[in-house]
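These notes are about the structure you will find just below.
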Amino acid sequence: MNRLHKIRLAFQIFFFLFFSALFLQAAFPYKPIVPSEFFLQWSPLTALLTFLSTHRVYAGMIPAGILLFLTLFLGRFFCGWICPFGALIDFTDWLIKRKRRLQRDDTRYRWLKFGVLTALVVMALFSVQLAWFFDPLAMTNRLFTTALYPAFVFVTETLFGWFWGIGFLQAPLTGLHEFLEGWLLPVEFHLIRQGILIALIVLGILALNLVTRRFWCRNVCPLGALLGLFSKFRILERHVDEPGCVSCRICQADCRMNAIEDNFVDFSKVECIDSFDCAADCPTQAVSYRFNLKEVKSSPIDFSRRRFLQSLGTGVLGAALFRIDFPNREAVGSHVRPPGALAEEIFLEQCIRCQECVRVCSTTGGLLQPAWLETGWEGVWSPIGNPREGYCEFTCNLCGEVCPTGAIQWLDLSAKQKTKIGTAFFDHNRCIPWNSGDNCMVCQEHCPTPEKAIVFREGDFVTADGKVKRVKYPYVKEDLCIGCGICVTKCPVEGKAGIFLTAEGAERT
1 MNRLHKIRLA
11 FQIFFFLFFS
21 ALFLQAAFPY
31 KPIVPSEFFL
41 QWSPLTALLT
51 FLSTHRVYAG
61 MIPAGILLFL
71 TLFLGRFFCG
81 WICPFGALID
91 FTDWLIKRKR
101 RLQRDDTRYR
111 WLKFGVLTAL
121 VVMALFSVQL
131 AWFFDPLAMT
141 NRLFTTALYP
151 AFVFVTETLF
161 GWFWGIGFLQ
171 APLTGLHEFL
181 EGWLLPVEFH
191 LIRQGILIAL
201 IVLGILALNL
211 VTRRFWCRNV
221 CPLGALLGLF
231 SKFRILERHV
241 DEPGCVSCRI
251 CQADCRMNAI
261 EDNFVDFSKV
271 ECIDSFDCAA
281 DCPTQAVSYR
291 FNLKEVKSSP
301 IDFSRRRFLQ
311 SLGTGVLGAA
321 LFRIDFPNRE
331 AVGSHVRPPG
341 ALAEEIFLEQ
351 CIRCQECVRV
361 CSTTGGLLQP
371 AWLETGWEGV
381 WSPIGNPREG
391 YCEFTCNLCG
401 EVCPTGAIQW
411 LDLSAKQKTK
421 IGTAFFDHNR
431 CIPWNSGDNC
441 MVCQEHCPTP
451 EKAIVFREGD
461 FVTADGKVKR
471 VKYPYVKEDL
481 CIGCGICVTK
491 CPVEGKAGIF
501 LTAEGAERT
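Residue numbers for the sequence shown, in the working numbering: 1 to 509.
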C-alpha cells in the first residue's frame, strides 16, 4: 500500500473512531472530554438549511463555517478524509473488491446531487427542513443510535451469557463486564424503535456501491454538492507531468469519484475529494498535488438550467405537500417533547433527527424514541416521549446539553425539574382503584416532584355483586405534574396503562 493511501486511511480510521467515541460518550453520567455533539456540528448542509428554515443563528454553526472556509482552498477533503459515512462507503467498496476496469464510469447522474441540494434549499425557504434525511453525519449517528449500537450490545451480552456457564471463566468475565459497563456497555439496555427501517435505508445506500464506487457521494449526497460548489475555485490542484504520463488510464480507473477527464490531465475540482488515489497508483509517478496561486481555474458543474428549473419545481411541490399534511390534533397532543424543546414549528425546522438526545436518554430514564407518523410526515424521526417504555429522569438534563442545533435548549437542573412537558391523566377504565376497587399506590410512590403530583381521596366503590368498600382513589394535581411519565412507566396494569400522558400544559421555549 502506497504511503499516501496509508496516511488517508489512517485519517479515516481516526475520525471514524473519534465519531464513535463521541457517540459512546453521550451517556449518563455525562462527563465529556469533547462535547458529544461536536462532530455533528461540522455539517454545512444542516447549518445552511436550518438557518434558511428558521432564520435563527446558533453557536453550533461555527464549525460548519470553518469547514466551508477550508473547502475554498483544499476542496472536498472532508468527504475523503473525515466523513464517517464516507468511511462506511469506502469499507463497503473494499468488501465488494471489484476488479479494475480501464474504462471510465458513467457521469450522467452527477447532476442529481445538485438537484437534491437545490430542492432542499427551496423547501427550507418554505420552512420545511429535510437536511435530517440526507445529511451523512446525522444519518450515521442515527444508524449508530437505533441499529448498530443496540445490535452490538445484544451480540456482546449474548456471548457473555454463552460463556458464563463455564465455571473457571465466571470470575474473569465478571471483571471484564464490570470494566466495559458504563462506557461501552449500558448499565440498563433500552431498545430503540425504527432501527430496522433506518438500517435498511443505510444498507440500501451502501448497496448502491454495487453499481459504481461511492455512488452516494458521486450522485446523491447534497452535502457533497454544497462542498463541491465551494471547491470550484480551490487552489489545491492535481498536477500531471505530461511527458511522464503514458496514458495507461489507471488514474482514471482508480479515482473513486470519477473526477479525472479523458485526457488524464484535467480533473473536476467540484468532484475531487483529495483521496490522492491517482498520485498513489500512477506507475510513473507523474501525478502530484500542489497549491497553485498563480492561475486559479474553475471547474464546470454538471447541472444544466433545465435540471435547475426541474429541481426548483420539485422543491416547491415538496414543500407544499409537507405543509398541507393534515394535522392529527389527537395524535400530536398525545405525545410529549423533551424538556427545553422549542415551539413545535421551530423545533421541527431546527431538529436534524440525529437521535443524540434519544441516545443519551436511553442511558437514563429512556423516555425518548424516534417518532414515526405520530406528529405527521414533517415529524418523522423527531424525538417524542414513549412513557410506557421509559420516563424523563428527574435528575437528568442531558438532552438539551447534547443537542447539536439548539432545537432542545439546555436547562439547568433546577429549571428543568420545574419545566412542564405534559400532564398525566387517569384512565378510570384501566386504573386498578377506579376499575376494580383495589388499592394501588405505585404511581404516587414513584412520582419525583418534591410535593407529590398524585394524591389520594377515599371514596366508596360498589362491586359487581353490590357490596360497598372504601378505596383510595388517585388524582393528578395538574399544577404540580411536570409530565415526566414515570407513573405511566411503572403502572402495573398489563397492556395499556391505567394512567396516560399528554402534551397538555407543556412549556415550550
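Beta carbons: idealized from backbone N, C-alpha and C, even for Gly.
{"query": "Which same chain residues, not among the five before or five after residue 235, have their C-beta less than 7 Å away from its C-beta?", "result": "73, 291, 292, 293, 296"}
{"query": "Give the straight-line distance between the Cα atoms of residue 470 and residue 455, rounded to the nearest whole angstrom.", "result": "16 Å"}
{"query": "Would you be able to state if there are at least three C-beta pairs under 8 Å between the stretch 376 to 392 and the stretch 202 to 210?", "result": "no"}
{"query": "Do residue 439 and residue 413 have their C-beta atoms within less than 9 Å of each other?", "result": "no"}
{"query": "Restricting to Cα atoms, I'd like to know which of 150, 434, 379, 453 is closest to residue 473.", "result": "434"}
{"query": "What three-state label does DSSP hand residue 159 in the structure shown?", "result": "helix"}
{"query": "Three-state secondary structure (DSSP) at residue 149?", "result": "helix"}
{"query": "Can we say the stretch 37 to 56 touches the stretch 400 to 410, given the rule of at least three CB pairs closer than 8 Å?", "result": "yes"}
{"query": "Residue 366 by DSSP, collapsed to three states: which one?", "result": "strand"}
{"query": "For residue 139 and residue 211, which I take to be in contact (beta-carbon distance under 8 Å), what is that distance rounded to the nearest angstrom?", "result": "That pair is no contact at about 19 Å."}
{"query": "Between residue 238 and residue 267, what straight-line distance do the alpha-carbon atoms span, to the nearest angstrom?", "result": "7 Å"}
{"query": "With DSSP run on the structure shown, which of helix, strand or coil describes residue 437?", "result": "coil"}
{"query": "Three-state secondary structure (DSSP) at residue 342?", "result": "coil"}
{"query": "How would you write the range of the beta strand (DSSP E) that residue 490 sits in, first residue to last?", "result": "Element bounds for residue 490: not the beta strand (DSSP E) but the alpha helix (DSSP H), 486 to 490."}
{"query": "Residue 131 to residue 7, Cα distance in whole Å?", "result": "31 Å"}
{"query": "Report yes if the C-beta distance between residue 270 and residue 229 is below 9 Å; otherwise report no.", "result": "yes"}
{"query": "With a threshold of 16 other CB atoms inside 10 Å of the CB of residue 506, please say whether the residue is buried or exposed.", "result": "buried"}
{"query": "What residue does the alpha helix (DSSP H) around residue 502 start on, and which one ends it?", "result": "No alpha helix (DSSP H) contains residue 502, which is instead part of the beta strand (DSSP E) from 499 to 502."}
{"query": "So, are the CB atoms of residue 114 and residue 233 less than 9 Å apart?", "result": "no"}
{"query": "Have a look at residue 320 and residue 110 and give me their C-alpha separation to the nearest angstrom.", "result": "27 Å"}
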